[in-house]
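Mapped onto my numbering, the consecutive letters of the sequence shown carry residue numbers 32 to 432.
We put the beta carbon where it would ideally sit given N, CA and C, even for glycine.
Please read all numbers here as calculations on a predicted model, not as lab measurements.
Here is the structure we will look at.
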Amino acid sequence: MDVLTASMDVLEHVIAWRRDLHQIPELALELPKTVAYVTQVLKKLDIEYDDTYVDGNGIVAHIAGTKPTDGPSKDFVLGMRADMDALPIEEETGLSFASRHPGKMHACGHDGHTAMLLGAAKILQASRQLFSGTVKLIFQPGEEYPGGAKPMIEEGAMKKPDVTQMIGFHAGHLDNETKSGQIGYRVGPMMASMDRFLIEIEGKGYHGAYPENSQDPIAAAGQLITALQTIKSRNIKAVNPAVVSITRVQGGYNQNVIPDKVELEGTVRTFDDELRKDIHAKMEQIANGIGQAMNVKCKVTYDYKYPAVINDVQATESTVQSLEELFEPNTMVELNEPLMGGEDYAYYLQQVPGTFLFLVNPGHIEGEFHGHHHAKFNIDESQLYRGTAGFVKVALDYLND
Ligand code: NI
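Structural data, given as structure tokens:
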């Protein structure tokens with residue numbers, strides 16, 4: 032089979048699916064219309080699925096190859112993941128197929144991810160005689176928030192049959208090293224871990240003219256903001272990437288009242304699970320120390336969210352080799368830098384080897400690309416066949432001896 036031709040042939044379906052999904056964006060772990068839409072397509076394609084994941088908001092489907100073999104590929108299961116959730120943004124693209132749900136928008140390209148995977152499903156379902164083993168299609172909710180990969184895995188998405196390798200794409204344009212039509216990859220760290228912290232500083236409010244009678248949480252917050260910066264600069268090896276950002280400071284009323292309480296909130300990014308724990312511990316130590324010195328209570332809440340996306344060496348190399356055979360020269364671009372952004376695809380890669388790739392297809396609105404999570408974000412639909420073709424080619428290579 033000529034995979035590129037087959038993918039171009041289903042592109043009109045992929046674009047139609049993407050546009051339909053684009054009009055019904057849903058958030059987080061509540062995707063009833065999206066799941067109904069995707070399962071209706073799977074049903075038409077005569078593909079078996081289970082849509083009971085995450086209370087009916089995630090879908091796992093199988094396509095079993097029929098090519099006879101005694102080789103190892105009969106037990107191989109390639110997991111292909113698409114996230115289906117959107118963002119709480121009011122769409123401003125002016126597209127004819129713009130969101131019909133007020134305040135919600137597919138502003139990260141997940142509509143494209145789902146459509147590309149359905150395109151691959153259509154081709155693979157019609158080509159079962161060309162591979163052994165199994166393709167597993169994983170459609171998950173909640174990538175943006177609060178995380179859907181973890182519950183999908185906990186509910187058995189990677190089991191029966193057990194996934195042995197993973198592949199996933201992110202569309203749009205996330206990195207700075209590629210241009211439209213290319214595919215970015217990386218061996219090892221691809222995207223950072225993503226944790227959230229909250230520090231509640233509790234003191235005692237008083238009249239602003241008599242600070243001696245207060246336990247001032249604002250003065251303590253100032254010390255804390257400065258001291259937290261030293262985690263990165265003084266406690267972590269310079270060659271080890273990490274970000275500690277305070278993104279919200281909240282407290283106080285007006286010019287003559289010292290408040291009771293101040294809150295600091297922020298994010299921590301790294302590529303190393305041990306480092307996440309170290310940063311958390313150091314944050315507690317600094318908060319307690321400053322709290323004691325400034326006579327306030329500092330309560331740290333550290334939420335371990337997504338781990339880092341770490342692409343497996345062998346799975347990435349074999350995937351890239353397949354894709355280099357498929358696409359024209361200079362399509363595959365090895366990225367020099369990982370991204371400090373997070374992705375819950377990371378959880379799949381904690382289970383089995385696999386790789387995550389960037390399909391570069393920025394779409395223009397009013398002549399420019401507006402970036403992910405922007406009200407005028409768009410993807411170039413004409414490039415979606417590359418994701419479809421990539422899924423199919425890797426499946427045909429991996430699931431053959
Ligand atoms: Ni995304």
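Would you mind working out which of M314, G150, E296 and D116 sits nearest L73, comparing C-alpha positions?
Start at 1 with the first residue of the sequence shown, and residue 73 comes out as number 42. Closest option to L73, Cα to Cα, is G150.
Note down the Cα distance separating L357 from G421, rounded to an integer number of angstroms.
As a working note, residue 357 is residue 326 in the sequence shown. As a working note, residue 421 is residue 390 in the sequence shown. Taking the Cα positions, L357 is about 8 Å away from G421.
Among the residues of its own chain, which have a CB less than 8 Å from the CB of I277, if the five just before and after it don't count?
Locating residue 277 in the sequence shown gives position 246, where the first residue counts as 1. Residues I256, L259, L295, E296 and G297 of the same chain have their beta carbon placed closer than 8 Å to that of I277, with the five preceding and five following residues left out of the count.
With hydrogens ignored, establish whether the beta-carbon of H204 is closer than 7 Å to any heavy atom of the ligand NI.
Against the sequence shown, residue 204 aligns to sequence position 173. Not one heavy atom of the ligand NI sits closer than 7 Å to the Cβ of H204.
Could you name the residues of the same chain whose beta carbon sits closer than 6 Å to that of K153, not counting the 5 residues immediately before and after it, in chain order?
On the sequence shown, position 122 is the one that residue 153 refers to. Non-local beta-carbon contacts of K153 in its own chain, meaning distances under 6 Å to residues more than five positions away in sequence, involve V41 and L76 in chain order.
According to DSSP, is P172 part of a helix, a strand, or is it coil?
As a working mapping, residue 172 is identified with position 141 in the sequence shown. Three-state DSSP puts P172 in coil, outside helix and strand.
If A138 sits next to L58, beta carbons under 8 Å apart, how far is it from one beta carbon to the other, in whole angstroms?
Indexing the sequence shown from 1 puts residue 138 at position 107. Indexing the sequence shown from 1 puts residue 58 at position 27. So it is not a contact: roughly 11 Å between Cβ atoms.
Are the Cβ atoms of F107 and L430 separated by less than 8 Å?
Taking the first residue of the sequence shown as position 1, residue 107 is located at position 76. Taking the first residue of the sequence shown as position 1, residue 430 is located at position 399. Yes, the Cβ-Cβ distance between F107 and L430 is below 8 Å.
Opposing strand residues paired with N342 [DSSP bridges]:
For the purposes of this step, residue 342 is identified with residue 311 of the sequence shown, where counting begins at 1. N342 pairs with G219.
Pick out whichever of G239, K407, K105 and K328 has its Cα sitting closest to the Cα of I230.
Within the sequence shown, numbered from 1, the residue matching residue 230 stands at position 199. For the residues G239, K407, K105 and K328, the minimum Cα distance to I230 belongs to K328.
Tell me whether Q345 is buried or exposed, calling it buried when 16 or more other Cβ atoms sit within 10 Å of its Cβ.
To locate residue 345, count along the sequence shown from 1; it is residue 314. Exposure of Q345 is indicated by the presence of fewer than 16 other C-beta atoms within 10 angstroms of its C-beta.
Just to confirm, are T165 and G89 a CB contact at a threshold of 8 Å?
The residue you call residue 165 lines up with position 134 of the sequence shown. The residue you call residue 89 lines up with position 58 of the sequence shown. No, these two residues do not count as a Cβ contact at 8 Å.
I'd like to know whether the C-beta atoms of V364 and T209 end up nearer to each other than 8 Å.
The count along the sequence shown starts at 1 and reaches residue 364 at position 333. The count along the sequence shown starts at 1 and reaches residue 209 at position 178. Yes, these two residues count as a Cβ contact at 8 Å.
Delimiting residues of the alpha helix (DSSP H) encompassing T65:
Against the sequence shown, residue 65 aligns to sequence position 34. Counting along the chain, the alpha helix (DSSP H) containing T65 begins and ends at P63 to K75.
Could you tell me whether the stretch 112-129 touches the stretch 48-64, where touching means 3 or more Cβ pairs closer than 8 Å?
The stretch 112-129, when compared against the stretch 48-64, does touch it at the 8 Å Cβ threshold.
If you reduce the DSSP assignment to three classes, tell me which class E185 lands in.
Taking the first residue of the sequence shown as position 1, residue 185 is located at position 154. Assigned with DSSP and collapsed to three states, E185 falls in helix.
Beta-carbon within less than 8 Å of R265's beta-carbon, same chain only, minus the 5 sequence neighbours each way: which residues are those?
The sequence position of residue 265 within the sequence shown is 234, counting from 1. None.
M325 - containing alpha helix (DSSP H), residue span:
Counting from 1 along the sequence shown, the entry for residue 325 is found at position 294. Taken as a continuous stretch (DSSP letters only), the alpha helix (DSSP H) holding M325 covers D304 to M325.
Run the CB neighbour count on Q246, radius 10 Å, all protein chains shown included, and call it buried at 16 or more, exposed below.
For the purposes of this step, residue 246 is taken as residue 215 along the sequence shown, with counting starting at 1. With 16 or more Cβ atoms within 10 Å of its Cβ, Q246 is classed as buried.
Assign A426 to one of two classes, buried (16 or more other C-beta atoms within 10 Å of its C-beta) or exposed (fewer than that).
Position 395 of the sequence shown, counted from the start, is the residue given in the question as residue 426. A426 counts as buried, since no fewer than 16 other beta carbons sit within 10 angstroms of its beta carbon.
N- and C-terminal bounds of the alpha helix (DSSP H) containing T145
Within the sequence shown, the letter at position 114 stands for residue 145. It spans H141 to Q156 - the alpha helix (DSSP H) in which T145 sits, taken as one unbroken run.
Is K139 a contact residue of the ligand NI, with contact defined as CB to any heavy atom under 7 Å?
The residue given as residue 139 occupies position 108 in the sequence shown. In the sequence as displayed, the identity of residue 139 is Cys instead of Lys. In this structure, the ligand NI has a non-hydrogen atom nearer than 7 Å to the beta-carbon of C139.
Nearest-angstrom Cα separation, counted from D309 out to I317
The residue labelled residue 317 in the question sits at position 286 within the sequence shown. The residue labelled residue 309 in the question sits at position 278 within the sequence shown. CA-CA distance, I317 to D309, rounds to 12 Å.
Under 8 Å between C-beta atoms of Q196 and R112:
As a first step, residue 196 is located in the sequence shown; it is residue number 165 there, counting from the start. As a first step, residue 112 is located in the sequence shown; it is residue number 81 there, counting from the start. Cβ atoms of Q196 and R112: not closer than 8 Å.
Could you name each continuous beta strand (DSSP E) segment of 3 residues or more that falls completely within the stretch 380-421, going from the start of the chain to the end?
Entirely contained in the stretch 380-421, the beta strand (DSSP E) runs reaching 3 residues are, in chain order, 385-390.
Stretch-stretch touch, CB-based, cutoff 8 Å, three pairs: the stretch 392-404 with the stretch 235-243
No, they do not touch.
Using a threshold of 7 Å, is the CB atom of H201 nearer than that to any non-hydrogen atom of the ligand NI?
Counted from its first residue, the sequence shown places residue 201 at position 170. For H201, the distance from the CB to the nearest heavy atom of the ligand NI is below 7 Å.
So what's H53 in DSSP terms, helix, strand or just coil?
For the purposes of this step, residue 53 is taken as residue 22 along the sequence shown, with counting starting at 1. Helix at H53.
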